[in-house]
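J.: There's a structure below that I have some questions on.
2 protein chains.
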Amino acid sequence: MLSFFTVDCLIFTFHEGKLKVLLNERNEYPYRDWWAMPGYFVDKQEEMEEAVNRIAYEHTGLKNIYLEQLVAMAGLKRHPEGRILTVAYMALVRYDDVKNKVKPVTNYMRQAKWFDVNEVPELAFDHNDILKLGLEKLKRNLNYSTASFEILPEKFTLTQLQQIYEAVLGETLDKRNFRKRMSNLGYLKELDEYQTGVSYRAARLYKLDKRKFLKLFA
Amino acid sequence: MLSFFTVDCLIFTFHEGKLKVLLNERNEYPYRDWWAMPGYFVDKQEEMEEAVNRIAYEHTGLKNIYLEQLVAMAGLKRHPEGRILTVAYMALVRYDDVKNKVKPVTNYMRQAKWFDVNEVPELAFDHNDILKLGLEKLKRNLNYSTASFEILPEKFTLTQLQQIYEAVLGETLDKRNFRKRMSNLGYLKELDEYQTGVSYRAARLYKLDKRKFLKLFA
DNA sequence: TTTAATAGTGTAAAAAATACACATTATATT
DNA sequence: AATATAATGTGTATTTTTTACACTATTAAA
Numbered sequence: 001m002l003s004f005f006t007v008d009c010l011i012f013t014f015h016e017g018k019l020k021v022l023l024n025e026r027n028e029y030p031y032r033d034w035w036a037m038p039g040y041f042v043d044k045q046e047e048m049e050e051a052v053n054r055i056a057y058e059h060t061g062l063k064n065i066y067l068e069q070l071v072a073m074a075g076l077k078r079h080p081e082g083r084i085l086t087v088a089y090m091a092l093v094r095y096d097d098v099k100n101k102v103k104p105v106t107n108y109m110r111q112a113k114w115f116d117v118n119e120v121p122e123l124a125f126d127h128n129d130i131l132k133l134g135l136e137k138l139k140r141n142l143n144y145s146t147a148s149f150e151i152l153p154e155k156f157t158l159t160q161l162q163q164i165y166e167a168v169l170g171e172t173l174d175k176r177n178f179r180k181r182m183s184n185l186g187y188l189k190e191l192d193e194y195q196t197g198v199s200y201r202a203a204r205l206y207k208l209d210k211r212k213f214l215k216l217f218a
Numbered sequence: 001m002l003s004f005f006t007v008d009c010l011i012f013t014f015h016e017g018k019l020k021v022l023l024n025e026r027n028e029y030p031y032r033d034w035w036a037m038p039g040y041f042v043d044k045q046e047e048m049e050e051a052v053n054r055i056a057y058e059h060t061g062l063k064n065i066y067l068e069q070l071v072a073m074a075g076l077k078r079h080p081e082g083r084i085l086t087v088a089y090m091a092l093v094r095y096d097d098v099k100n101k102v103k104p105v106t107n108y109m110r111q112a113k114w115f116d117v118n119e120v121p122e123l124a125f126d127h128n129d130i131l132k133l134g135l136e137k138l139k140r141n142l143n144y145s146t147a148s149f150e151i152l153p154e155k156f157t158l159t160q161l162q163q164i165y166e167a168v169l170g171e172t173l174d175k176r177n178f179r180k181r182m183s184n185l186g187y188l189k190e191l192d193e194y195q196t197g198v199s200y201r202a203a204r205l206y207k208l209d210k211r212k213f214l215k216l217f218a
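Right, here's the structure in full:
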């Protein structure tokens, strides 16, 4: 008697200055018609990491996203049929890479949709709890991970970077101090390129210098 | 068909200047005669948190320890019978509270024994991997948690506190700077008591001021 | 009384964090 | 062409935190 369990994916992105989370509208028992994190059963002969990638793809259309384990939930009442353990994973994706791709390829789910993290409805199962844990983890790791850069376009403005910090920390930051701090970190590459398509002064673009980042943290 | 899985407990303490981990010598298939983290199957009608407390007690004799979830492991090959998912928990205990109590009350395990974290043998299942993750978590959280104080006697010397920091971080620290930093944190209560039974100058004892600690982190 | 072992202490320098306001620039509007 | 709009980009002074560094004090045992 082997383990029978599900995985769930908490997928964040950043768009129009807001932190967003990807949810599915369920088309199946239980919690049919409810919004839920993309998730499903792991196959018997499938490694959990394969499963979570497959399931993320089937339920959202997203491929090759980097999912990291968040938490296991095993409450006896989390599923109407009894305890079904789930392992929740978390991923960060660039909105530009995925904006036209979020569409389930199974019909277990009716649609996939980005929600502002502050406007998430009551979700199926214990998914609101998982979301809360995910946001806390994002906050804890903000300064020690590339999370902000995975979620931004590859070339980003300092204002965008600051917006992520503010969204994740839930507080506003001083622009000058933020910029000073970021450039002192030493792993931002200043580009000779500027924002386009804005009706005001275009901001300079930056990208993450991964080599320097890795030197600092490994 | 509900979830069938195990929990494992990674239990740390601090003794004689060393960080230690509690392991069982297994008396049952699989990995009979191997050392392993205390762990066993969760009962069908038992919440996971209850299970992990029960199992910690049955395999080590320790009660009322605070266990926090670390990671779920679900490798297809982690168990010879096929995938048995396990959820690993982590706890920190005071050596003085438990020194005479680590004894299994089931006979699934032959004995429970403290190992220096640097002298852990090859363990059953994927327990060496779990240990590594636990040590990393300990390190990440060192400055933001009461971990060091849970693992020390309630009244401790600053040298003991420093030894924990050094053991967890794996580097030596400057005594004066360490003491300055700790007293600046503002949540150490200086007692009018001193170490006894040492054959050299007795050090002053301190304890954690939990109220002040909580004010800072909540 | 001497030895051994650890406790306990201060200062100067460097680095990082904070508080704070205005001129600049690109586009859109009239 | 002039103006309005909206966001960009920048500096300094102050405070706080971190770092580097070495000797005297105290206790018990020999």
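So the protein sequences, as listed, match chains A and B. Residues in the first sequence are numbered from 1 upward in steps of one, following full-length UniProt numbering. Residues in the second sequence are numbered from 1 upward in steps of one, following full-length UniProt numbering. Where is the CB? At the ideal position from N, CA and C, for every residue including glycine.
Is Tyr-40 of chain A helix, strand or coil when you go by DSSP?
T.: DSSP places Tyr-40 of chain A in strand when its eight states are reduced to three.
J.: With distances taken from CA atoms, which of A:Asn-27, A:Tyr-57, A:Tyr-95 is nearest Glu-154 of chain A?
T.: The shortest Cα separation from Glu-154 of chain A among A:Asn-27, A:Tyr-57, A:Tyr-95 belongs to A:Tyr-95.
J.: Would a C-beta distance cut-off of 7 Å place Leu-85 of chain A and Ser-183 of chain B closer than the cut-off?
T.: No; because the gap between Cβ atoms is not below 7 Å, this pair is not in contact.
J.: Report buried or exposed for Tyr-66 of chain A, applying the criterion of at least 16 other Cβ atoms within 10 angstroms of its Cβ.
T.: Exposed: under 16 other Cβ atoms inside 10 Å.
J.: Is the region 171-183 of chain A close to the region 16-24 of chain A, with three or more CB pairs under 8 Å?
T.: Flag = no, the region 171-183 of chain A and the region 16-24 of chain A do not touch.
J.: What three-state label does DSSP hand Tyr-165 of chain A in the structure shown?
T.: Helix at Tyr-165 of chain A.
J.: Decide if the region 48-60 of chain B is in contact with the region 188-205 of chain A; the criterion is three or more beta carbon pairs, one per stretch, under 8 Å apart.
T.: Too few Cβ pairs lie closer than 8 Å, so no.
J.: Across the region 35-53 of chain B and the region 144-152 of chain B, are there enough close Cβ pairs to call them in contact, namely three or more that are closer than 8 Å?
T.: Because the criterion of three Cβ pairs below 8 Å is not met, the region 35-53 of chain B and the region 144-152 of chain B do not touch.
J.: If you draw a straight line from the C-alpha of Met-1 of chain A to the C-alpha of Ala-203 of chain A, how long is it?
T.: Roughly 59 Å separates the two Cα atoms.
J.: Is any beta-carbon of chain A found at less than 7 Å from that of Ala-74 of chain B?
T.: Yes, because at least one Cβ of chain A sits closer than 7 Å to the Cβ of Ala-74 of chain B.
J.: Does Leu-19 of chain B pass the burial test, meaning 16 or more other C-beta atoms within 10 Å, or should it be called exposed?
T.: With 16 or more other Cβ atoms within 10 Å, it is buried.
J.: Using a Cβ-Cβ cut-off of 8 Å (strictly less than) and excluding sequence neighbours within five positions of Tyr-206 of chain B, which residues of its own chain qualify?
T.: Counting only Cβ-Cβ distances below 8 Å, and skipping sequence neighbours, we find Lys-155, Phe-156, Thr-157, Leu-158, Leu-161, Leu-188, Lys-189, Glu-190, Leu-191.
J.: Relative to the C-alpha of Asn-64 of chain B, which residue among B:Lys-103, B:Leu-123, B:Val-98 is closest?
T.: When only C-alpha atoms are compared, the closest one is B:Val-98.
J.: Going by the CB atoms, is the gap between Asp-126 of chain A and Met-73 of chain A shorter than 7 Å?
T.: Yes, the pair counts as a contact, with Cβ atoms nearer than the cut-off.
J.: Relative to the C-alpha of Tyr-29 of chain A, which residue among A:His-15, A:Met-109, A:Glu-16, A:Glu-119 is closest?
T.: It is A:Met-109.
J.: Run down chain A in chain order and give the residues with a C-beta less than 7 Å from the C-beta of Met-48 of chain B.
T.: Ordered by position in chain A, the residues that pass the 7 Å Cβ test against Met-48 of chain B are Ala-74.
J.: Since Ala-124 of chain B contacts Trp-35 of chain B with CB under 8 Å, what's their CB separation in whole angstroms?
T.: With 8 Å as the limit, Ala-124 of chain B and Trp-35 of chain B qualify as a contact, their Cβ atoms being about 7 Å apart.
J.: Whose Cβ in chain A lies nearer than 9 Å to the Cβ of Phe-213 of chain B?
T.: The premise fails here: Phe-213 of chain B is roughly 17 Å from chain A at the closest Cβ pair, so nothing lies under 9 Å.
J.: Can you name, in chain order, every residue of its own chain whose Cβ lies under 8 Å from the Cβ of Tyr-165 of chain A, other than the five neighbours on each side?
T.: Leu-142, Ser-148, Leu-173, Phe-178, listed in sequence order.
J.: Give the DSSP-derived three-state secondary structure of Met-73 of chain A in the structure shown.
T.: Reduced to three states, the DSSP call for Met-73 of chain A is strand.
J.: Going by beta-carbon coordinates alone, are Val-71 of chain B and Leu-133 of chain B separated by less than 7 Å?
T.: Yes, Cβ-Cβ distance for Val-71 of chain B and Leu-133 of chain B is below 7 Å.
J.: What does DSSP give as the partner residue(s) for Met-109 of chain B in the beta ladder?
T.: The partner list for Met-109 of chain B (beta bridge, DSSP) reads B:Arg-26.
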